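S.K.: Below you'll find the structure I mean.
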Amino acid sequence: MTTSIPAVSGNKANVTTAEYVKLVIFNEYNPTTAANIIANTQYEIKVSGNTNWTTVGANSNTVGTIFTANANGTTGTGTASNVTMLTFSSSYTSDTIGNIEYNPLGGLLAVGPQQRSLRVTSADTSIQISGIGGNNIYEILESQGKIRGSKIEITRGFFNNNVVLANAVVRFTGIITNYSIQEEREGVEDNFTITLDASSYKTILENRIAGRKTNKSSWQFFDTTDSAMNNLNSLAGFSFDFGGDPKSKTVVPGYNGGGVPGGGSRSTTPGTTTPGQRP
Amino acid sequence: MAGLQTIINNASSLTIDRRKVVGLQITRNEIPRVTLTPTRQPWKMELEMPQSLTYYDNRDLLEALDTMDRVSPEIVTFSSNACLSWIFRYQGTLTQGQLNAMSVQSFVGNQLVLQTLPGIPSNRVIFEPNDLIQLGNYPYPFTSTTRVTRGIGSTITVTTNRPNILSVNVVNLGITVGNACDFYMFCPNMPTYKLIPGGVVRANGTTVNNAYIQFNDKFVLYEYVGTA
């Protein structure tokens, strides 16, 4: 006898999902020039320049592309950062999203909630990886905090009724701001958990202090020929009320007379001026 | 005999759990919505040991259990014991030779496609629901969720209880069915045991000190799918 049992949700397909995490750890502060890249090492293109990165293993020359070099050094003006890319998922099997294979951790990976608002919102999240062996803890500690500041991208994959990955959508992009390692021993149970706290790029930008100061030296830091701020010293000590209402009887240096209430009017007779009027 | 197999062979009851991990929410207007986590759906078996095992005759079992502890997986089967082999008996109609001839054409998600089918009438049943199927020598049994008949095509498609969890290439692998399948299990909650003294008379007429073994909990065997 064949019995069909309808699904609880009115015969609608179950929503079957898994989380995919891509972690890019930067191993160096200053990018490597194209000539100095080393084979079998992972890099992220920082400056594409006139380097043809596809000749050393990259899929494209686009900035941000991560690849494993298949040769030592190449020509051109491009630079790339030495990175370590870790990809793992809560899926039951290895899945490939955008040519990147994600290692299945199953239920050992837990991803915290992510806020998705209509407007751009700063939001934090966290991921937890449990069932970690001692060697993995060593690797996290051995990296000497490099994991902080690494880029994180969380994608949610959607499976079809046959448990085959059908679609994937990026949910969160940000930077790892902190990590913690939890060791629990209860009786003979021993469990290690790594928690990675991540902040979205908006949070990073909110806390960022950067930019140029409005003085000559700061302005010429990047471009020594930039003269936009050269005359700034002559304005020192003046108070400006940018955007304020026009003040009455303001004397403009170099002109005879001051302003009149409501501002002056230009003479319609050529060659004649009256006090308060500009020629 | 290895420890876990001895437990299976001596168990007085068996509970099987291989359910999916499901999240169920009831909406405000009381319509249930289901979310499913795609896991490897490992087999979980709860085995209750009888209270009649004697210490004198089972010290090798205790040593095996204590040595194995909770971290070593072991291949176990239900075919080696005539009292257990009925549990996963093959329910289809193919002979062993016909089963041996079949091989895997593809296994994507939970759709297992088998090829080199026997020349039998199209209405003959190849798999009944709950029939175990193992691919090659990889001890991770899948079950057929529906009745599968021969049909008229060159292949049949079996919808399995769980998706393909094997990381190896399964194309052209042979299959094993029914109680001939193996399970790769470990026992994360290995119970401890208590010895209750009690002497027995040996066959030669002498009395020796002995004790009954009382396990303080059930053995819960988990399928070790980490290396699938």
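Read top to bottom, the protein sequences are chains S and E. Just so we're on the same page, the numbering used here is the position in the first sequence counted from 1, plus 5. Just so we're on the same page, the numbering used here is the position in the second sequence counted from 1, plus 1. From the three backbone atoms N, C-alpha and C, an ideal C-beta is built for every residue, glycine too. Given the structure is predicted, the values throughout are model-derived calculations rather than measurements.
By the criterion of Cβ-Cβ separation under 9 Å, what are the contact partners of Arg41/E in chain S?
M.R.: Tyr97, Thr98, Pro109, Gly111, listed in chain order.
S.K.: Considering only residues of the same chain and omitting the five flanking positions on each side of Arg90/E, which have a CB-CB separation below 7 Å?
M.R.: For Arg90/E, where only same-chain residues beyond five positions count, the Cβ hits under 7 Å are Gly179, Asn180.
S.K.: How would you list, in chain order, the residues of chain S whose beta-carbon sits under 8 Å from the beta-carbon of Gly137/E?
M.R.: Here the premise fails: no neighbours, minimum Cβ distance about 17 Å.
S.K.: So, under 8 Å CB-CB, Val77/E and Leu5/E are touching, yes? Tell me the CB distance rounded to an integer number of Å.
M.R.: About 5 Å; that satisfies the 8 Å criterion.
S.K.: Starting from Asn131/E, find everything on chain S with Cβ-Cβ shorter than 7 Å and list it in chain order.
M.R.: Within chain S, no residue comes near Asn131/E; the closest Cβ sits about 12 Å away, beyond 7 Å.
S.K.: Under DSSP, the alpha helix (DSSP H) around Glu64/E begins and ends at which residues?
M.R.: Element bounds for Glu64/E: 60-69.
S.K.: Tell me the rounded alpha-carbon separation between Gly4/S and Ile27/E.
M.R.: Shown here, chain S extends from 6 to 284; a query on residue 4/S therefore has no answer.
S.K.: Based on Cα-Cα distance, which residue from Leu146/S, Gln187/S, Val175/S lies nearest to Thr22/S?
M.R.: The residue with the shortest Cα to Cα distance from Thr22/S is Val175/S.
S.K.: Which residues in chain S have a C-beta closer than 9 Å to the C-beta of Pro164/E? List them in chain order.
M.R.: Correct list: Tyr97, Thr98, Phe164, Asn167, Val168, Val169.
S.K.: When the Cβ atoms of the stretch 121-141 of chain E are set against those of the stretch 157-174 of chain E, are three or more pairs found closer than 8 Å?
M.R.: As far as the Cβ criterion goes, the stretch 121-141 of chain E touches the stretch 157-174 of chain E, which means the pair count is three or higher.
S.K.: For Glu188/S, count neighbouring C-beta atoms within 10 Å of its own C-beta (all shown protein chains included) and say buried if the count is 16 or more, exposed if not.
M.R.: Flag for Glu188/S reads exposed.
S.K.: Closer than 7 Å by beta-carbon distance: list the chain E residues that pair up with Ala23/S, in chain order.
M.R.: Result: Pro39.
S.K.: Helix, strand or coil for Tyr143/S? Go by DSSP, reduced to three states.
M.R.: Here Tyr143/S sits in helix by DSSP.
S.K.: Using the C-alpha atoms, what's the distance from Thr182/S back to Phe245/S?
M.R.: One C-alpha to the other measures close to 41 Å.
S.K.: Report yes if the C-beta distance between Phe184/E and Glu224/E is below 8 Å; otherwise report no.
M.R.: The answer is yes: Cβ separation under 8 Å.
S.K.: Measuring CB to CB, does Ser107/E end up less than 8 Å from Thr117/E?
M.R.: Not closer than 8 Å, so no.
S.K.: Is it true that the stretch 201-210 of chain S meets the stretch 228-238 of chain S, where meeting means three or more beta-carbon pairs spaced less than 8 Å apart?
M.R.: Contact between the stretch 201-210 of chain S and the stretch 228-238 of chain S is absent, because fewer than three Cβ pairs lie under 8 Å.
S.K.: Taking buried to mean at least 16 other C-beta atoms within 10 Å of its own C-beta, is Phe227/S buried or exposed?
M.R.: Answer is exposed; the Cβ neighbour count stays below 16.
S.K.: Are the stretch 147-167 of chain S and the stretch 84-103 of chain S in contact at 8 Å, needing three or more beta carbon pairs?
M.R.: Yes, they touch.
S.K.: Check Gln6/E in the structure and name its three-state DSSP category.
M.R.: Gln6/E: helix per DSSP, three-state reduction.
S.K.: Whole-angstrom Cβ separation of Thr46/S and Thr73/S, contact assumed at under 8 Å?
M.R.: Contact flag correct, Cβ pair sits at about 7 Å.
S.K.: Quick check: the stretch 110-124 of chain E against the stretch 185-194 of chain E, are at least 3 beta-carbon pairs closer than 8 Å?
M.R.: Output reads no: the stretch 110-124 of chain E does not touch the stretch 185-194 of chain E.
S.K.: Which residues in the same chain as Trp224/S place their Cβ atom closer than 7 Å to its Cβ, once the five residues preceding and following it in sequence are excluded?
M.R.: Only Arg217, Asp231, Ala233, Met234 meet the Cβ criterion.
S.K.: Which of the three DSSP states is assigned to Ala12/E in this structure?
M.R.: Here Ala12/E sits in coil by DSSP.
S.K.: DSSP on Val169/E, reduced to helix/strand/coil?
M.R.: DSSP places Val169/E in coil when its eight states are reduced to three.
S.K.: Please check the pair Ser185/S and Thr208/S, which I expect to be a contact at CB under 8 Å, by giving their CB distance rounded to whole angstroms.
M.R.: With a Cβ gap of about 18 Å, Ser185/S and Thr208/S do not count as contacting.
S.K.: Following the continuous alpha helix (DSSP H) through Gln99/E, name the residue where it begins and the one where it ends.
M.R.: From DSSP, the alpha helix (DSSP H) with Gln99/E extends over 97-102.
S.K.: Should Gly154/E go down as buried or exposed, given a rule of 16 or more other Cβ atoms within 10 Å for buried?
M.R.: By the neighbour-count rule (16 or more Cβ atoms within 10 Å), Gly154/E is not buried but exposed.
S.K.: Between which two residues does the alpha helix (DSSP H) containing Glu188/S stretch?
M.R.: No alpha helix (DSSP H) holds Glu188/S; the beta strand (DSSP E) holding it covers 170-191.
S.K.: Using a threshold of 8 Å, state whether the C-beta atoms of Asn66/S and Ala44/S are closer than that.
M.R.: Going by C-beta atoms, Asn66/S is not nearer than 8 Å to Ala44/S.
S.K.: With DSSP collapsed to three states, give me the class of Val221/E.
M.R.: Reduced to three states, the DSSP call for Val221/E is strand.
S.K.: Taking only beta carbons into account, state which residues of the stretch 96-124 of chain E come closer than 9 Å to chain S, listed in chain order.
M.R.: Residues Val109, Gly110, Asn111, Gln112.
S.K.: So that I know if they touch, is there some Cβ in chain S lying closer than 8 Å to that of Thr36/E?
M.R.: Chain S, which has a Cβ nearer than 8 Å to the Cβ of Thr36/E, makes this yes.
S.K.: Using a beta-carbon distance below 8 Å, is Ser73/E in contact with chain S?
M.R.: Not one chain S Cβ lies under 8 Å of Ser73/E.
S.K.: Give the straight-line distance between the Cα atoms of Ala40/S and Glu158/S, rounded to the nearest whole angstrom.
M.R.: Computed Cα separation, rounded: 29 Å.
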